[in-house]
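S.K.:
Protein chains: 2
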Amino acid sequence: MEKLNNIIFYNIDHSIRLYRMYAQKQLREHGFKITIDQWLVIKCILENPTITQHELSELVFKDNASVTRIVDLLIKAKYLEKEINPEDRRKFILHVTKSGEDIIKNVQEIVLQNRSKALKGIAAKDLETADAVLQKIIANCK
Amino acid sequence: MEKLNNIIFYNIDHSIRLYRMYAQKQLREHGFKITIDQWLVIKCILENPTITQHELSELVFKDNASVTRIVDLLIKAKYLEKEINPEDRRKFILHVTKSGEDIIKNVQEIVLQNRSKALKGIAAKDLETADAVLQKIIANCK
DNA sequence: TTGAAATAATTGACATATCAATTAAAAATT
DNA sequence: AATTTTTAATTGATATGTCAATTATTTCAA
Chain A
1 MEKLNNIIFY NIDHSIRLYR MYAQKQLREH GFKITIDQWL VIKCILENPT
51 ITQHELSELV FKDNASVTRI VDLLIKAKYL EKEINPEDRR KFILHVTKSG
101 EDIIKNVQEI VLQNRSKALK GIAAKDLETA DAVLQKIIAN CK
Chain B
1 MEKLNNIIFY NIDHSIRLYR MYAQKQLREH GFKITIDQWL VIKCILENPT
51 ITQHELSELV FKDNASVTRI VDLLIKAKYL EKEINPEDRR KFILHVTKSG
101 EDIIKNVQEI VLQNRSKALK GIAAKDLETA DAVLQKIIAN CK
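Protein chains in written order, with UniProt numbering: chain A, 1 to 142; chain B, 1 to 142.
#1: Starting from I7(B) and walking both ways along the alpha helix (DSSP H), at which residues does that stretch end?
#2: Taking the alpha carbon of K78(B) as the reference point, which residue from V67(B), D102(B) and N85(B) has its own alpha carbon closest?
#3: Report the neighbours of N6(A) on chain B: residues whose CB is nearer than 8 Å to its CB, in chain order.
#4: Inspect the CB distances between the segment 24 to 32 of chain B and the segment 102 to 117 of chain B and report whether three or more fall short of 8 Å.
#5: Please determine, among D88(A), H14(A) and D126(A), the residue with the shortest C-alpha to C-alpha distance to S57(B).
#6: From this set, D126(B), D37(B), K98(B) and N48(B), which residue's C-alpha is nearest V71(B)'s C-alpha?
#7: For I45(B) and R69(A), what's the separation of their Cα atoms in angstroms?
#8: Which residues, in chain order, does the segment 44 to 60 of chain B contribute to contact with chain A at a C-beta distance below 8 Å?
#9: Decide if N6(A) is buried, meaning its Cβ has at least 16 other Cβ atoms within 10 Å, or exposed.
#10: What does a CB cutoff of less than 7 Å around N85(A) pick up in its chain, not counting 5 residues either side in sequence?
#11: Enumerate in chain order the residues of its own chain whose CB-to-CB distance from I110(B) is below 7 Å, with the five nearest sequence positions on each side excluded.
#12: Does the Cβ of N48(B) have 16 or more other Cβ atoms within 10 Å, making it buried, or fewer, making it exposed?
#13: Can you grab the Cα-Cα spacing for the pair residue 199(B) / E87(A), in whole Å?
#14: Sort out for me which residues DSSP pairs I84(B) with in a bridge.
#15: For a quick check, are the C-beta atoms of L74(B) and L80(B) less than 7 Å apart?
#16: Using only the alpha-carbon positions, how far apart do V60(A) and T52(A) sit?
#17: Less than 7 Å between CB atoms is the rule here; does K98(B) satisfy it with respect to chain A?
#18: Does the beta-carbon of N64(A) have 16 or more other beta-carbons within 10 angstroms, so that it is buried, or is it exposed?
#19: Among the candidates I122(A), K76(A) and D131(A), whose CA atom is the shortest distance from the CA of K136(B)?
#20: Using the beta-carbon of each residue, which ones in chain A are nearer than 7 Å to Q135(B)?
#21: Exposed or buried, A139(A), counting other C-beta atoms within 10 Å across all chains shown (16 or more means buried)?
#22: In or out: K62(A) buried (at least 16 other Cβ within 10 Å) or exposed?
#23: Just verifying my parser: in three-state terms, what is the DSSP assignment at H30(A)?
#24: From the beta carbon of T68(A), is the nearest beta carbon of chain B less than 7 Å away?
#25: With DSSP run on the structure shown, which of helix, strand or coil describes D63(B)?
#26: Put G100(A) into one of helix, strand or coil per three-state DSSP.
#27: Taking I16(B) as the query, report the chain A residues whose CB atoms sit under 8 Å from its CB, ordered along the chain.
#28: So the candidates are V133(B), G100(B), A124(B) and L119(B); which of them puts its Cα closest to the Cα of I42(B)?
#29: Tell me, to the nearest whole angstrom, how far the beta carbon of L40(B) is from that of I12(A); I am working on the premise that it is less than 8 Å.
#30: Please state whether the Cβ-Cβ distance between L119(A) and C141(B) is less than 7 Å.
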């Protein structure tokens with residue numbers, strides 16, 4: 001068991017890295033010029049149109065600094081625009097452009113394929129157990 | 001989002017990030033000037049004294065480039081030394097210094113505490129299931 | 001045996017992670 | 001109202017991740 005305690009973190013790390021590499025490779029091979037993290041940020045803004053960068057950082061579990069930089073890159077790539085929030089000039093309103101909406105739509109199918117490929121052959125019950133274990137770890141580390 | 005929390009990959013990512021942050025914070029608060037990744041690299045060299053950087057990168061799931069840079073930092077920190085392997089001049093022999101051995105020894109207790117804190121309240125059976133699920137994901141993404 | 005292919009490590013470029021410090025604005029307190 | 005505190009976002013510094021290109025060396029094959 002002491003061994004598993006050691007190995008479990010090793011496997012959590014390994015699995016998420018392999019999944020990200022696989023997912024990123026799929027995007028690249030289909031000609032999409034976007035990273036997994038950038039995709040997630042746009043997706044969250046589309047689903048929460050009034051979200052601030054700080055709220056975004058909590059939602060995707062990234063540092064404020066990372067979000068600032070990802071948003072910058074997305075603006076450079078013309079997937080996003082930002083505008084000072086007149087209600088609170090510390091905040092920004094983030095707008096997804098047409099081109100940003102399009103890429104999310106076009107990438108969606110690949111994302112679903114990636115997930116089902118990665119989870120193939122895993123029983124729903126076991127997946128639920130694994131998910132509960134991960135949530136417990138999350139709670140324990142907070 | 002299709003309920004972020006319901007997506008296993010989100011929770012895998014979240015859990016490993018929180019665990020790493022927690023573990024890193026513990027190291028910092030106990031005055032150890034070393035990162036989790038650096039700790040892992042030294043530990044692997046101690047356990048595999050003839051390992052090459054390339055083999056190391058496979059063992060810790062990192063890119064060759066990352067390993068090169070981590071090793072560089074560890075040499076700067078005087079935890080490691082390297083020497084060209086006379087058998088094959090493309091390779092290096094990596095030596096852990098006394099100071100490197102010491103820090104691993106001293107950090108060990110904290111690592112164990114971190115793990116047990118993160119896994120507190122999780123049934124052994126569930127942990128095994130979670131581990132099997134992660135291994136399956138790893139296999140699927142290869 | 002020599003030229004081609006494979007391997008080990010490095011480097012450059014760029015993206016992301018983390019912490020600390022800073023700026024600007026809003027909210028709370030006195 | 002003026003001062004203090006809090007909040008949102010940015011920036012700088014450093015570490016790591018990833019890919020592609022490069023160098024040095026070894027191995028393989030014609």
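Just so you know, even glycine gets a beta-carbon here, dropped at the ideal spot from N, CA and C.
M.R.: Looking at the coordinates:
#1: Per DSSP, I7(B) belongs to no alpha helix (DSSP H) and is neither H nor E.
#2: Closest option to K78(B), Cα to Cα, is D102(B).
#3: R115, listed in chain order.
#4: With the cut-off at 8 Å, the segment 24 to 32 of chain B and the segment 102 to 117 of chain B touch.
#5: Nearest option by C-alpha distance: H14(A).
#6: That would be D37(B), whose Cα lies nearest to the Cα of V71(B).
#7: R69(A) has its alpha-carbon roughly 35 Å from the corresponding atom of I45(B).
#8: Taking 8 Å as the Cβ-Cβ cut-off, the segment 44 to 60 of chain B has no residue approaching chain A.
#9: Exposed, by the Cβ-count rule.
#10: Non-local C-beta neighbours of N85(A) in its own chain, meaning closer than 7 Å and more than five positions away in sequence, comprise K91, F92 and I93, ordered along the chain.
#11: Q26, L27 and H30, listed in sequence order.
#12: If you draw a 10 Å sphere on the C-beta of N48(B), you find fewer than 16 other C-beta atoms in it, and that means exposed.
#13: The first residue shown for chain B is 1 and the last is 142, placing residue 199(B) beyond what the model contains.
#14: Residue pairing by DSSP places I84(B) opposite F92(B) in a beta bridge.
#15: Their beta carbons are under 7 Å apart, which means L74(B) touches L80(B) by this criterion.
#16: Cα to Cα, V60(A) sits roughly 12 Å from T52(A).
#17: False, the Cβ-Cβ gap to chain A never drops below 7 Å.
#18: Label assigned to N64(A): exposed.
#19: Closest option to K136(B), Cα to Cα, is I122(A).
#20: The answer, in chain order, is N11.
#21: Exposed, since its Cβ has fewer than 16 Cβ neighbours within 10 Å.
#22: With 16 or more other Cβ atoms from the protein chains shown falling within 10 Å of its own Cβ, K62(A) counts as buried.
#23: Coil, per DSSP.
#24: Against chain B, the CB of T68(A) has no partner CB under 7 Å away; the residue lies outside that interface.
#25: For D63(B), the three-state secondary structure derived from DSSP is coil.
#26: Reduced to three states, the DSSP call for G100(A) is helix.
#27: Correct list: F9, I12, D13 and I16.
#28: Closest by alpha carbon: G100(B).
#29: The C-beta distance from L40(B) to I12(A) rounds to 14 Å, too long to fall under 8 Å, and the pair is not in contact.
#30: It is not a contact, given that the beta carbons lie outside the stated cut-off.
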